[in-house]
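Below is one structure, written out as structure tokens, with a few remarks after it.
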Amino acid sequence: NAFEIIRKVDPQQFAELNELTKKVAFFRADRFVNFTSMDIQGIIFISTYDSAKELTFMDTLIHECSHLSLNLILFRINDFFTIDPFELRFKSPFRTILRGLYQSLHATFVLAKLVRFYNNCYKAKVFKGIQEYELIGLFLLDIKLLGESLTYIGDQSLYTEQGWALFKEIEA
670 NAFEIIRKVD
680 PQQFAELNEL
690 TKKVAFFRAD
700 RFVNFTSMDI
710 QGIIFISTYD
720 SAKELTFMDT
730 LIHECSHLSL
740 NLILFRINDF
750 FTIDPFELRF
760 KSPFRTILRG
770 LYQSLHATFV
780 LAKLVRFYNN
790 CYKAKVFKGI
800 QEYELIGLFL
810 LDIKLLGESL
820 TYIGDQSLYT
830 EQGWALFKEI
840 EA
């Protein structure tokens, strides 16, 4: 049902998920931890710790697929940044420690994708009851975090022309 909802409310995201995700690997963990790896492009690793909730599962799929997508976009990393993108100097919406521009851009990209998906779900009235409230909560939180993240990394001098075009696409 999760894949059907994504297909219905966000066909662009569904196509990206199908194109970029070759495998979803589930594993046991005693906490919520999901990830992708630049070394194994195309695999999403999902812990079974709270993934039973449909909305959490969809969020995880879109979140991790967004990393797969941006890994490919930024493959020629020097084409996008005028600074060392791994220098730890930027705030991040998910962390209390400083992160590199590369990691902060990833977080911002993920948030933009999730905000679009949540907006589409809300407009389509996909969820009812408690699930609708969970959706609204995630939607509002991610809108706030996206706004913060865009201000942290929104200095045009950090990017090449190609990098700034990517930032503006994310910002839109």
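Residue numbers for the sequence shown follow the working numbering, so the first one is 670 and each next one is one higher.
Every residue gets a Cβ at the ideal spot worked out from N, C-alpha and C, and that includes glycine.
- Per the C-alpha coordinates, the member of Arg768, Cys790, Ile709 positioned closest to Asp753 is Arg768.
- Sequence-distant Cβ neighbours of Ser735 in its own chain, meaning closer than 7 angstroms and more than five residues away, are Phe778, Val779, Lys782.
- Around Ile812, the same chain offers Val784 as residues with beta carbons nearer than 8 angstroms, after the five sequence neighbours per side are excluded.
- With 16 or more neighbouring CB atoms inside 10 Å of its own CB, Thr705 falls in the buried class.
- One alpha carbon belongs to Phe750, the other to Gly798, and they sit about 44 angstroms apart.
- Residue burial is scored here from C-beta neighbours: Val678 has at least 16 other C-beta atoms within 10 angstroms and is therefore classed as buried.
- With 16 or more other Cβ atoms inside 10 Å of its own Cβ, Thr729 counts as buried.
- Annotated as distal: Ile839 and Phe759, with beta-carbon spacing of 8 angstroms or more.
- Comparing alpha-carbon positions, the option among Val702, Leu774, Thr765, Ile712 lying closest to Gly816 turns out to be Leu774.
- Counting along the chain, Ile812 sits inside the alpha helix (DSSP H) bounded by residues 798-821.
- Around the CB of Asn703, 16 or more other CB atoms lie within 10 Å, so the residue is classed as buried.
- Nearest in C-alpha terms to Ile674, of all of Tyr787, Leu810, Ile805, Glu830, is Tyr787.
- When C-alpha distances from Glu723 are compared across Glu803, Met707, Gln710, Leu743, the shortest belongs to Glu803.
- Thr725 is the residue among Thr725, Thr690, Asp748 whose C-alpha sits nearest the C-alpha of Asn670.
- When the Cα atoms are used, Ser826 and Ala834 turn out to be separated by approximately 12 angstroms.
- The beta-carbon distance between Gln710 and Asn687, rounded to whole angstroms, is 15 angstroms. This is too long to meet the 8 angstroms contact definition.
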